[in-house]
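Residue numbers for the sequence shown follow this note's numbering, beginning at 300 and rising by one.
By construction, the Cβ of each residue, glycine as well, lies at the ideal position given by its N, Cα and C atoms.
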Amino acid sequence: MKKFFTTLVVLSVIAGGIYWVVRAATDKLDSFLPDLEHCTAVAGEYEARFDPEQMGNAAVITALGLKRGLPARAATIAIATAIQESKLYNISHGDRDSLGLFQQRPSMGWGTEEQVQDPVYATNKFYDALVKIEGYEDMVITEAAQEVQRSAYPEAYADHEGEGRAIASAISGYSPAALTCRIDEPEAGSGKPQATKTEVNQLLGGMVGRARVDGSTVVIPVNAGETGERGGWTAAHYVLARASEFGATSIAYDGRTWSAGKDEEWAETPEVTDDQIVVTLA
């Protein structure tokens with residue numbers, strides 16, 4: 300019996316030691332988490348935090364909705380669906396032949412494997428199906444998404460409605476500096492000014508002026524007035540969400556500047572004008 304209690308005490312001490320080692324390691328890890336690359340979108344009571352790749356894909360989804368003249372509700376539904384289906388990653392595998400952001404199946408007529416793994420194509424196919432649903436704007440998100448996706452777990456879409464709203468609102472430019480990102484400084488020479496210009500002109504054409512390249516800088520003209528300001532913040536937030544892909548080191552617009560590095564927030568820079576967005580690339 301004495302041996303039993305001795306063993307029990309030893310095991311308790313070991314267990315306690317393991318607990319505190321794990322606890323200390325977890326606390327240490329948590330202290331580093333804020334420095335991981337991430338983007339945060341805020342709209343009123345709603346907030347969404349994802350890594351740059353995920354937020355970049357969400358920005359494409361939102362921009363295509365705007366380009367098609369769809370209401371913000373459409374982007375909210377699409378983003379919430381993509382979060383549930385792929386966690387906003389353009390994945391090359393899934394259940395059976397499900398692929399891409401929306402886990403669309405070539406065998407079910409969504410397109411070829413290559414097509415459904417193209418975020419622009421996949422998003423447009425989702426919107427094509429969504430707009431055919433009468434009254435989708437007023438449906439609860441589970442019903443609207445389920446009409447498109449035919450998921451075995453339709454209730455799960457509602458879990459991401461708040462995140463969808465936050466991202467759709469921020470990328471749509473309704474509030475200045477509503478999207479922030481903590482992204483590491485890109486390597487010198489890794490910037491993609493031509494790709495940045497092309498993507499902005501293709502996806503945001505009509506919301507802002509034609510982007511142009513000036514060396515390692517991309518300049519995006521912004522129209523005057525309230526509509527122009529919203530278009531400006533749409534473009535500024537879009538480029539920020541895609542900053543990791545583009546290799547952006549800074550974005551300046553409307554009295555604020557975002558810079559790659561440890562600072563997530565937009566810095567107040569009164570000298571920065573509101574008639575253009577200046578994107579500097581590595």
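Less than 7 Å between the C-beta atoms of residue i and residue j, yes or no?
i    : j    : result
Y345 : A465 : yes
T339 : T479 : yes
E460 : I440 : yes
T556 : A542 : no
A371 : S471 : yes
V518 : Q575 : yes
A455 : Q383 : yes
H337 : R481 : yes
G554 : P569 : yes
V415 : G399 : yes
Does residue i pass the burial test, meaning 16 or more other C-beta atoms within 10 Å, or should it be called exposed?
i    : result
S397 : buried
A421 : buried
E462 : buried
E498 : buried
M407 : exposed
H536 : buried
G504 : exposed
Y435 : buried
T572 : exposed
Return the bridge partner residues of residue i from the DSSP annotation.
i    : result
W557 : I550
D513 : T516
L398 : Q403
Please list the terminal residues of the continuous alpha helix (DSSP H) segment that includes residue i.
i    : result
P492 : 492–503
L539 : 524–540
A443 : 440–448
T380 : 371–385
V415 : 412–415
T568 : No alpha helix (DSSP H) contains T568, which DSSP labels as neither H nor E.
N423 : 418–429
May I ask which residues mark the beginning and end of the beta strand (DSSP E) holding residue i?
i    : result
A347 : 345–349
R481 : 478–481
A342 : 337–342
I576 : 575–580
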